[in-house]
Amino acid sequence: MARYFRRRKFCRFTAEGVQEIDYKDIATLKKLHHRKR
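Numbering (this note's numbering), first residue to last: 1 to 37.
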(Lines of atoms letter the chains of each structure in order from A; the text may use other names.)
(Lines give C-alpha, C1' and ligand atoms only; values in the text may rest on other atoms or scores of the structure.)
Protein backbone atom coordinates (compact mmCIF):
# COMPACT_ATOMS: atom_id res chain seq x y z
CA MET A 1 0.00 0.00 0.00
CA ALA A 2 1.12 3.49 -0.75
CA ARG A 3 1.31 5.95 2.10
CA TYR A 4 0.25 9.50 1.57
CA PHE A 5 1.72 12.33 3.59
CA ARG A 6 -0.09 15.61 3.89
CA ARG A 7 1.86 18.81 3.96
CA ARG A 8 1.24 20.84 7.04
CA LYS A 9 -0.47 24.12 6.22
CA PHE A 10 1.25 27.26 7.35
CA CYS A 11 0.82 30.96 6.90
CA ARG A 12 3.50 32.40 4.63
CA PHE A 13 3.31 35.78 6.34
CA THR A 14 3.80 34.36 9.81
CA ALA A 15 6.68 32.13 8.69
CA GLU A 16 8.51 35.10 7.15
CA GLY A 17 7.83 37.32 10.14
CA VAL A 18 5.79 39.88 8.22
CA GLN A 19 4.18 42.38 10.59
CA GLU A 20 2.02 44.15 8.03
CA ILE A 21 0.53 42.82 4.78
CA ASP A 22 0.88 45.15 1.81
CA TYR A 23 -2.26 44.65 -0.26
CA LYS A 24 -0.73 46.63 -3.13
CA ASP A 25 1.92 43.94 -3.64
CA ILE A 26 0.23 42.10 -6.50
CA ALA A 27 2.84 39.33 -6.90
CA THR A 28 2.46 38.12 -3.31
CA LEU A 29 -1.32 38.27 -3.43
CA LYS A 30 -1.43 36.27 -6.66
CA LYS A 31 0.58 33.47 -5.04
CA LEU A 32 -1.74 33.45 -2.04
CA HIS A 33 -4.89 33.46 -4.18
CA HIS A 34 -3.59 30.72 -6.50
CA ARG A 35 -2.83 28.48 -3.52
CA LYS A 36 -6.43 28.61 -2.29
CA ARG A 37 -8.01 27.52 -5.57
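Beta carbons: idealized from backbone N, C-alpha and C, even for Gly.
Contact check for residue 13 and residue 21: beta-carbon distance about 6 Å, within the 8 Å limit, so the pair qualifies.
DSSP places residue 12 in the uninterrupted alpha helix (DSSP H) bounded by 12-16. In the three-state scheme derived from DSSP, where H, G and I count as helix and E and B as strand, residue 30 is classed as helix.
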